[in-house]
Amino acid sequence: MTARRTASAVLALGVAPLALAGLAASPAAAHGSMTDPVSRVSACYAEGPESPQSAACKAAVAASGAQAFYDWNAVNIANAAGKHRDLIPDGKLCSAGNDKYRGLDLARGDWPSSTLASGKHTFRYKGTAPHRGSFELYVTKDGYDPSKPLAWSDLEAKPFATVTDPRMENGDYVFDGTIPNKSGRHLIYSIWQRSDSPEAFYTCSDVVFGKDNGGTTAPTASAPSDEEIKDGEDKSTVEHGGHGDQHAGTGAEATAPAPEASDPATSDPAASDPATSPSAASDPAATAAPNAPAAAGSDTGERLAETGGDATTSYLAIGGAAVMALGAAVFFGATRRGRRATR
34 MTARRTASAV
44 LALGVAPLAL
54 AGLAASPAAA
64 HGSMTDPVSR
74 VSACYAEGPE
84 SPQSAACKAA
94 VAASGAQAFY
104 DWNAVNIANA
114 AGKHRDLIPD
124 GKLCSAGNDK
134 YRGLDLARGD
144 WPSSTLASGK
154 HTFRYKGTAP
164 HRGSFELYVT
174 KDGYDPSKPL
184 AWSDLEAKPF
194 ATVTDPRMEN
204 GDYVFDGTIP
214 NKSGRHLIYS
224 IWQRSDSPEA
234 FYTCSDVVFG
244 KDNGGTTAPT
254 ASAPSDEEIK
264 DGEDKSTVEH
274 GGHGDQHAGT
284 GAEATAPAPE
294 ASDPATSDPA
304 ASDPATSPSA
314 ASDPAATAAP
324 NAPAAAGSDT
334 GERLAETGGD
344 ATTSYLAIGG
354 AAVMALGAAV
364 FFGATRRGRR
374 ATR
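Position in the sequence shown (first residue = 1) + 33 = the working numbering.
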């Protein structure tokens, strides 16, 4: 009987690590990227990671490899907690210091770009795994030179638009901001800091106001369609939870469209300056009103994620339960055999 118990224990100990190893191999959750104005990574994904069309995207794929662009919605720092400037060095803002996306940091004036006008603009950010959090948008200073690596000092000191928990429409976060008076080629840098996690996401969107002063004629950037996003999911190494629908691991749903929003840029941006304080630490009451999600218990029944975990939480919970169940089965099996032996 002792040998059988030993064999059962060894089996349990052997199976548990294998189960946990399988869980560790589960794909990470993807979260999104700016699509209006189109981010660099979104534009190159839309062109096709295997056969990009523009010179800039060809160079980016050559530098990073195609996989980085199949994983277009995961340019992030898992433990950012608002310390963006401390964690991301100059010259690596577009990749968020992640070598996997180093092609996004290439300094060149021919990146596919979006045409913008100064003044009010409605921004869209594809959220493949929605979470609560705050967005900050910065624009480059006058005299910005796209042929030089992007540095924090190239951005205006304060964000021109900030918003907390914006509404979602058809899988996109949607919010308004007023763009300062600019001309020529510029770049809009976005920071999405989750409030239910220290994780943050980053995008670089190349834009042109009026005539392009970048020295070259750049192609127009296009955002990936839902069909293109769906087609590339099987080649992505990050998990796609859908486009604003219920997600496993996030508990997130789309928020209801909000009434016409006031300009979020009129709120005081000082509290959200990444150089001085974490984005997610700003008072939600100060910025949430223009694009606040539907309240719990409202007629829409829709809400953003309020979980403190991520997409791996459910897998770990299931794995832990499985290991516990296995251990219990071994224990009770050994107990029953012990009772039989004493009869």
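The beta-carbon is built from N, C-alpha and C at its ideal position, and this holds for glycine as well.
Since the structure is predicted, the reported quantities are computational estimates derived from the model, not experimental observations.
- Between Thr-236 and Ser-84, the CB-CB gap reaches or exceeds 8 Å.
- For Tyr-206, no alpha helix (DSSP H) segment is defined; the enclosing uninterrupted segment is the beta strand (DSSP E) at 205-212.
- Residue pairing of Gly-217 in beta bridges, as defined by DSSP: Phe-242.
- Rounded to whole angstroms, the gap between the alpha carbons of Ala-79 and Ala-114 is 30 Å.
- Secondary structure note for Asp-259: its alpha helix (DSSP H) is the uninterrupted segment 259-265.
- Comparing alpha-carbon positions, the option among Asp-178, Gly-204 and Pro-252 lying closest to Ser-216 turns out to be Asp-178.
- Taking Ala-140 as the centre and dropping the five residues before and after it, the same chain places the C-beta of Ser-180, Lys-181 and Pro-182 closer than 6 Å to its C-beta, in chain order.
- A direct Cα-Cα distance of roughly 18 Å separates Pro-82 from Asp-143.
- Boundaries for Tyr-158: no alpha helix (DSSP H) harbours it, while the beta strand (DSSP E) harbouring it runs 152-160, taken from the DSSP string.
- An exposed status is given to Glu-260, since fewer than 16 other beta-carbon atoms sit within 10 Å of its beta-carbon.
- Listed in chain order, the non-local C-beta contacts of Ser-72 below 7 Å within the same chain comprise Ser-66, Thr-236, Cys-237 and Ser-238, local neighbours out to five positions each way being set aside.
- Under a 10 Å Cβ-count criterion, Lys-153 is classified as exposed, with fewer than 16 other Cβ atoms of the shown protein chains found around its own Cβ.
- In the structure shown, Glu-80 falls within a helical segment according to DSSP collapsed to helix, strand and coil.
- Its chain contains Asp-138 as the residues whose beta carbon lies nearer than 7 Å to that of Lys-125, once the 5 sequence neighbours on both sides are disregarded; these appear in chain order.
- Between His-219 and Val-271, the C-beta gap is not smaller than 8 Å, which leaves the two residues out of contact.
- Here Gly-243 is exposed. Its C-beta has fewer than 16 other C-beta atoms within 10 Å.
- With fewer than three CB-CB distances shorter than 8 Å, the stretch 155-164 does not count as touching the stretch 130-137.
- Here the alpha carbon of Ile-121 sits roughly 30 Å from the alpha carbon of Asp-267.
- For Gln-226, the number of other beta carbons within 10 angstroms of its own is at least 16, and it is reported as buried.
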